[in-house]
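The letter at position 98 of the sequence shown is residue 102 when you use this note's numbering, and the numbering goes up by one with no holes.
Built from N, CA and C at the ideal position, the CB exists for glycine as well.
Structure, as structure tokens:
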Amino acid sequence: MKKILLMFAVVTLLFGCAAMKQKITFPASDDIYMTTGDGDIQKPYTPIGQLFYWDQGFRIPGLLIGLIAFKDVDPDVALKQEIAQEVKRMGGDGLINLSINWQPAKNGFLGMFATGGSVAVYGTVIKR
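What follows is the structure, given as structure tokens:
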């Protein structure tokens, strides 16, 4: 029994803290590159302009009816759909210095004081 426990401890020590190398890949050339900083991209790049996106959800703040989500904001959907399309429309292929301000939807107390949340995103559109 002691040999089994000793073997288990040795195996755990040898393989439990093993380093794992992970290759970081960037999006394909037809995808939009987004980052909160401006480092680690190929320079030179050409700044095209500033992008500002704002959306607010909607809920009726009433008793129990405020629990119904008519339109709640989702920052992931905003980034992948609306913002990516706007960057492409501006002629860019990247968005750097990205800043996201997100207020999640709230149910309030039994629907009273319910909000659909809001999301504001801004950054610099670039052409790599």
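- Under the 10 Å beta carbon count, aspartate 97 is surrounded by 16 or more other beta carbons and is classified as buried.
- For tyrosine 49, no pairing in a beta bridge is given by DSSP.
- The three-state reading of DSSP puts methionine 116 in strand, counting E and B together.
- Sequence-distant partners of glutamine 60 (beyond 5 residues in either direction) whose C-beta falls short of 6 Å from its own C-beta, in its chain, are Ser122.
- Across the structure, proline 108 and glycine 120 are spaced so that their CA atoms are roughly 7 Å apart.
- DSSP, reduced to helix, strand and coil, places glycine 121 outside both helices and strands of the structure shown, so it counts as coil.
- Per the coordinates, the alpha-carbon of glutamine 89 lies some 9 Å from the alpha-carbon of isoleucine 36.
- Per the C-alpha coordinates, the member of Phe113, Gly95, Trp106 positioned closest to aspartate 76 is Trp106.
- Nearest to arginine 93 by C-alpha distance, out of Asp78, Pro65, Ile130, Ala118, is Ile130.
- Separation of glutamine 54 and asparagine 101 (C-alpha to C-alpha, rounded to the nearest whole angstrom) is 10 Å.
- Burial state of glycine 41 is exposed, judged by a 10 Å Cβ sphere holding fewer than 16 other Cβ atoms.
- Residue pairing of asparagine 105 in beta bridges, as defined by DSSP: Ala124.
- For aspartate 76, the three-state secondary structure derived from DSSP is coil.
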